[in-house]
Amino acid sequence: MEGRPLDDIALVERAKKGDVNAYEALVQHYQELAFRVAYQVTGNAADAEDAAQEAFVNAYYALGRFRSGAPFKPWLCRIVVNEARNRRTSAQRRTVLAERALVAQSSGDSAQSPEDAAEAREFRSMLVATLQRLKQDDRLILAYRLFFDLSEAEMAEALNCPRGTVKSRLSRALERLRAALPSDIRMPSLAGEHDG
Amino acid sequence: MADPRRITDVELEGALRDLGPRYPYPPTPNVASRVRLRITAQPVARPHRFELWRNPRRLALVAAALLVLLGAAALANPTSRDAIAHFFHVRGVIVSRQPSPLPSLSPGTPLDLGRRTTMADAQSAVKFKIAVPADLGEPDAVYVVSGIPGGEVALAYSPRPGIPLVKQTGLGVLVTEFRGDLNPGFMGKSLGPGTTLQETSVNGDPGWWIAGEPHVMYVEVGGQGQTVTLRMAANTLIWEHAGVTYRIESGLSKADAFRIASSLP
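Chains as they are written, first to last, in the numbering used here: chain C, 1434 to 1629; chain L, 6 to 270.
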């Protein structure tokens, strides 16, 4: 969202001075991201909610150490992932099947023929299932870049690694995802309006 | 007709971008109000006792805690005094050993540190000179409890390089100070087999170093066990100086905790 980092900087500065309303505005804006990032790690809603809430509380108390002007989003992601890792449970495996079913039912393919739409849904559900089989770090780096739209600089901050290694880690994660896909997989014509 | 050619990076990235907005996340819960509740000043006298009865594990812990508190009464008996006086080495704190592993409480258990305030206000609310460890500098947050004799202050420090996050507190270091001489049964610590307890001396004053597995800590406010706060606590150095009991909870080593303690004025 254009202009958001400026809003963040102002809100963070106010929150640092003890303005709880400013911090609540940050929480309101980022709670969906925090929950979804946590969900990518925990694979279950209750743990993800718990992790997101805990992360916001911890982030608030850590604001004093947060460098003024730095981007809030990747810093928050890092805290969320730490919390989520503490809560990851075996329940994750059970959610995979439910997720596949959900993707298969999801709509949004109205511009396609029924056959193409069905094929796209099948492909997406297979993609979700394959992502779930990846290592957590690979899944997270792919999600940061391609689901949550973090820039390379933001990913470096969120992953706590040098910026130079983000690209190679992303590339390796893509490679492992590709290797984990069924060998006879075929790209369907997707309905998304992505570039290229 | 299946196309056996390799999927390119661009195609795979495109497929993931396409999947992003359709990913089957559960609905996002609204955590904002709960976060706000937790970060704003909260009175110590929370109605925990009502929640406790609905949670058998906590109830069991409270029962154990109260048993320990009752143990204090045994001090009046000269024959038992020697046997358990060891556990009352620091005024204001009762330490007990549990033979079996303790059930674990959620790390998110409220800390009940009291009302968040400024250092100046906290100083005016307590009846002792608040000591700030020079090694840590000014705290990130100050809390005060004025409902106990002499008051209690908590200095909260966020994690930072060299000071790891403590899961149990969500902080880097937590320093609490209260008049142990006026509150003999204020704080209790229940240690399981995985927690070590060392009698020690801090700047010549008696103290404890409690480390290893997190231990259960409980605070009784208002006397007669009216409110009991229970939570898991990390490595703790606790000692008493001139009637004030100091407590430093962190994920730090004994040497680092002692360095902080020595830097108190």
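All C-beta atoms, glycine included, are put in the ideal place defined by N, C-alpha and C. Since we're looking at a predicted model, the values are computed, not measured.
**Prompt:** So with Cβ pairs under 8 angstroms, would you call V1529 (chain C) a contact of chain L?
**Reply:** Position 96 of the first sequence, counted from the first residue, corresponds to residue 1529 (chain C). Note that V1529 (chain C) has pLDDT 43, beneath the 50 cutoff, so the model's placement of it is unreliable and no number is given.
**Request:** Please list the partners that P138 (chain L) has in chain C, where partner means a Cβ-to-Cβ separation under 9 angstroms.
**Result:** The residue given as residue 138 (chain L) occupies position 133 in the second sequence. Under the 9 angstroms cutoff, chain C gives no residues; its nearest Cβ is about 16 angstroms from P138 (chain L).
**Request:** Compare the Cα-Cα distances from V1460 (chain C) to each of C:V1474, C:N1491 and C:T1475 and report the closest residue.
**Result:** Taking the first residue of the first sequence as position 1, residue 1460 (chain C) is located at position 27. Ranking the options by Cα distance to V1460 (chain C), first place goes to C:N1491.
**Request:** Consider the Cβ of F1505 (chain C): report whether some Cβ of chain L lies at a distance smaller than 8 angstroms.
**Result:** The count along the first sequence starts at 1 and reaches residue 1505 (chain C) at position 72. Contacts with chain L at 8 angstroms (Cβ-Cβ) do not include F1505 (chain C).
**Request:** Answer with yes or no whether the minimum CB distance from P31 (chain L) to chain C is below 8 angstroms.
**Result:** In the second sequence, counting from the first residue as 1, residue 31 (chain L) sits at position 26. With 8 angstroms as the cut-off, P31 (chain L) counts as an interface residue toward chain C.
**Item:** Alpha-carbon spacing of V15 (chain L) relative to A1550 (chain C), whole angstroms
**Value:** As a position in the second sequence, residue 15 (chain L) is number 10, starting the count at 1. As a position in the first sequence, residue 1550 (chain C) is number 117, starting the count at 1. For V15 (chain L) and A1550 (chain C), the distance between alpha carbons rounds to 21 angstroms.
**Request:** Tell me whether G256 (chain L) is buried or exposed, calling it buried when 16 or more other Cβ atoms sit within 10 Å of its Cβ.
**Result:** Here the question's residue 256 (chain L) lines up with position 251 in the second sequence. G256 (chain L) counts as buried, since no fewer than 16 other beta carbons sit within 10 angstroms of its beta carbon.
**Request:** Starting from E1548 (chain C), find everything on chain L with Cβ-Cβ shorter than 9 angstroms and list it in chain order.
**Result:** Position 115 of the first sequence, counted from the start, is the residue given in the question as residue 1548 (chain C). Result: empty, since nearest Cβ-Cβ is about 13 angstroms, beyond 9 angstroms.
**Message:** Less than 8 angstroms between the beta carbons of Q1486 (chain C) and V180 (chain L), yes or no?
**Reply:** In the first sequence, the residue the question calls residue 1486 (chain C) occupies position 53. In the second sequence, the residue the question calls residue 180 (chain L) occupies position 175. Result no, Cβ atoms of Q1486 (chain C) and V180 (chain L) do not sit closer than 8 angstroms.
**Request:** Give the interface partners of K175 (chain L) over in chain C, defined as CB-CB distance under 8 angstroms, in chain order.
**Result:** As a first step, residue 175 (chain L) is located in the second sequence; it is residue number 170 there, counting from the start. Looking at the sequence shown, residue 175 (chain L) is not Lys but Gly. In chain order: E1487, V1490, N1491 and Y1494.
**Asked** What does G155 (chain L) touch in chain C if you count any residue whose Cβ is under 7 angstroms from its own?
**Response** Numbered from its first residue, the second sequence carries residue 155 (chain L) at position 150. Result: empty, since nearest Cβ-Cβ is about 26 angstroms, beyond 7 angstroms.
**Asked** Just checking, does the stretch 213-223 of chain L make contact with the stretch 117-127 of chain L on the three C-beta pairs under 8 angstroms criterion?
**Response** As far as the Cβ criterion goes, the stretch 213-223 of chain L does not touch the stretch 117-127 of chain L, which means the pair count is below three.
**Prompt:** What is the DSSP secondary structure of V137 (chain L), reduced to helix, strand or coil?
**Reply:** Locating residue 137 (chain L) in the second sequence gives position 132, counting from the first residue. Assignment of V137 (chain L) by DSSP, reduced to helix, strand and coil, places it in the coil class.
**Asked** Which residues in chain C sit within 7 angstroms of G256 (chain L), going by Cβ to Cβ distance?
**Response** Translated into positions along the second sequence, residue 256 (chain L) becomes position 251. None at all; the shortest Cβ gap to chain C is about 13 angstroms.
**Prompt:** Would DSSP call F1581 (chain C) helix, strand or coil?
**Reply:** Mapped onto the first sequence, residue 1581 (chain C) falls at position 148. If DSSP states are grouped into helix, strand and coil, F1581 (chain C) belongs with coil.
**Any C-beta of chain C under 8 angstroms from that of V158 (chain L)** = For the purposes of this step, residue 158 (chain L) is taken as the residue at position 153 of the second sequence. No - not a single Cβ of chain C is within 8 angstroms of the one on V158 (chain L).
**Item:** In DSSP terms, what T200 (chain L) is bridged to
**Value:** Within the second sequence, numbered from 1, the residue matching residue 200 (chain L) stands at position 195. Answer is L:G217.
**Request:** Please list the residues of the stretch 1565-1599 of chain C that have a C-beta atom closer than 9 angstroms to any C-beta atom in chain L, keeping them in chain order.
**Result:** If the cut-off is 9 angstroms between Cβ atoms, the stretch 1565-1599 of chain C has L1575, A1576, R1578, L1579, F1580, F1581 and D1582 near chain L.
**Touch test, the stretch 138-147 of chain L against the stretch 1468-1488 of chain C, Cβ-Cβ under 8 angstroms, three pairs minimum** = The stretch 138-147 of chain L, when compared against the stretch 1468-1488 of chain C, does not touch it at the 8 angstroms Cβ threshold.
**Asked** Would A1488 (chain C) pass as a contact of V1453 (chain C) if the rule is Cβ separation under 8 angstroms?
**Response** In the first sequence, residue 1488 (chain C) corresponds to position 55, counting from 1. In the first sequence, residue 1453 (chain C) corresponds to position 20, counting from 1. Taking 8 angstroms as the cut-off, the beta carbon of A1488 (chain C) is found no closer than this to the beta carbon of V1453 (chain C).
**Message:** Judging by CA-CA distance, which residue of L:A260, L:M222 and L:L269 is the nearest neighbour of E245 (chain L)?
**Reply:** As a working note, residue 245 (chain L) is residue 240 in the second sequence. Check the Cα spacing between E245 (chain L) and each of L:A260, L:M222 and L:L269: the tightest is with L:L269.
**Request:** Sort C:L1614, C:A1484 and C:P1504 by Cα distance to E1516 (chain C) and report the nearest one.
**Result:** As a first step, residue 1516 (chain C) must be located in the first sequence, where it is residue number 83. The candidate whose alpha carbon is nearest that of E1516 (chain C) is C:A1484.
**Prompt:** Is it right to say E1608 (chain C) is buried, meaning 16 or more other beta carbons lie within 10 angstroms of its own, or is it exposed?
**Reply:** Sequence index remark: in the first sequence, residue 1608 (chain C) carries index 175 (1-based). Counting other Cβ atoms within 10 Å of its Cβ, E1608 (chain C) stays below 16 and is therefore classed as exposed.
**Within-8 angstroms CB hit, N35 (chain L) to chain C** = In the second sequence, the residue the question calls residue 35 (chain L) occupies position 30. Any Cβ of chain C closer than 8 angstroms to the Cβ of N35 (chain L) would place that residue at the interface, and such an atom is present.
**Item:** Beta-carbon spacing of A1576 (chain C), Q1473 (chain C) below 8 angstroms
**Value:** As a first step, residue 1576 (chain C) is located in the first sequence; it is residue number 143 there, counting from the start. As a first step, residue 1473 (chain C) is located in the first sequence; it is residue number 40 there, counting from the start. Going by C-beta atoms, A1576 (chain C) is nearer than 8 angstroms to Q1473 (chain C).
**Request:** Work out the CA separation of F1505 (chain C) and V249 (chain L) for me, nearest whole Å.
**Result:** The residue labelled residue 249 (chain L) in the question sits at position 244 within the second sequence. The residue labelled residue 1505 (chain C) in the question sits at position 72 within the first sequence. Whole-angstrom Cα-Cα distance: 40 angstroms.
**Message:** If the criterion is Cβ atoms closer than 8 angstroms, does the pair A1478 (chain C) and P31 (chain L) meet it?
**Reply:** As a working note, residue 1478 (chain C) is residue 45 in the first sequence. As a working note, residue 31 (chain L) is residue 26 in the second sequence. Yes, the Cβ-Cβ distance between A1478 (chain C) and P31 (chain L) is below 8 angstroms.
**Request:** Name, in chain order, the residues that DSSP records as bridge partners for R120 (chain L).
**Result:** To locate residue 120 (chain L), count along the second sequence from 1; it is residue 115. In DSSP, R120 (chain L) forms a bridge with L:V149.
**Prompt:** L1444 (chain C) touches chain L at which residues, Cβ-Cβ below 7 angstroms?
**Reply:** Start at 1 with the first residue of the first sequence, and residue 1444 (chain C) comes out as number 11. Listed by position along chain L, the residues whose Cβ is nearer than 7 angstroms to that of L1444 (chain C) form an empty set, because the closest Cβ is around 13 angstroms away.
**Asked** Going by DSSP, which residues form a beta bridge with N1477 (chain C)?
**Response** Within the first sequence, numbered from 1, the residue matching residue 1477 (chain C) stands at position 44. N1477 (chain C) is not bridged to any residue.
**Prompt:** Going by DSSP, what residues sit across from M222 (chain L) in a beta bridge?
**Reply:** In the second sequence, residue 222 (chain L) corresponds to position 217, counting from 1. DSSP, once it has assigned bridges, lists L:K194 and L:R236 as partnering M222 (chain L).
**Prompt:** Of the choices L:L21, L:P219 and L:T200, whose alpha-carbon is the least far from that of T174 (chain L)?
**Reply:** In the second sequence, the residue the question calls residue 174 (chain L) occupies position 169. Ranking the options by Cα distance to T174 (chain L), first place goes to L:P219.
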